[in-house]
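Working notes, structure below.
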Amino acid sequence: MNYLIIGNSVAAVGAIRGIRKIDAEGHITVLSRENHTAYGRPLISYLLGGTVTEKRMPYLPADFYEKHKVNLLLGAEVVAVDSAASRVKLATGETIPYD
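In this note's numbering, the protein residues as written are 371 to 469.
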């Protein structure tokens, strides 16, 4: 099975964990327009205010994606979803299939 998750938020992390509970071997790809792994968005104002550092921003341990066998594509903007063909198109023109 090829799972495709668009976005890398807390919901994506929950989806990854849920998928791995029922499917240890399926292929998971996460596409994120951002160039950072999941982070605590509520902390942004504290980062800007100088009360927390960038080290506190990540939501997960650095090895989360590797441990969960996730293909994480950062800086990948989805511009179209072709549900009939089960694929998405990225801004680069690349297409990513899913089941």
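Here a beta-carbon is modelled for each residue, glycine too, at the ideal position from N, C-alpha and C.
Minimum length 3: unbroken beta strand (DSSP E) runs contained in the region 422 to 453
Entirely contained in the region 422 to 453, the beta strand (DSSP E) runs reaching 3 residues are, in chain order, 440 to 444, 448 to 452.
Using the DSSP secondary-structure output, state which residues sit across from Leu460 in a beta bridge.
Against the sequence shown, residue 460 aligns to sequence position 90. In DSSP, Leu460 forms a bridge with Val448.
Keeping to the same chain, check which residues put their C-beta closer than 7 Å to that of Ser379; ignore five residues upstream and five downstream.
As a working mapping, residue 379 is identified with position 9 in the sequence shown. Answer for Ser379: Ala408, listed in chain order.
With DSSP as the reference, label Ser355 as helix, strand or coil.
Nothing about residue 355 can be read from this structure; the chain reaches only from 371 to 469.
If you compare alpha carbons, which of Ala461, Ala432, His438, Ser415 is closest to Gly396?
The residue given as residue 396 occupies position 26 in the sequence shown. The closest CA to that of Gly396, considering only Ala461, Ala432, His438, Ser415, is found on His438.
Top-ranked residue by Cα proximity to Ile398, from Arg411, Thr423, Leu442:
Locating residue 398 in the sequence shown gives position 28, counting from the first residue. Ranked by Cα distance from Ile398, the first of Arg411, Thr423, Leu442 is Leu442.
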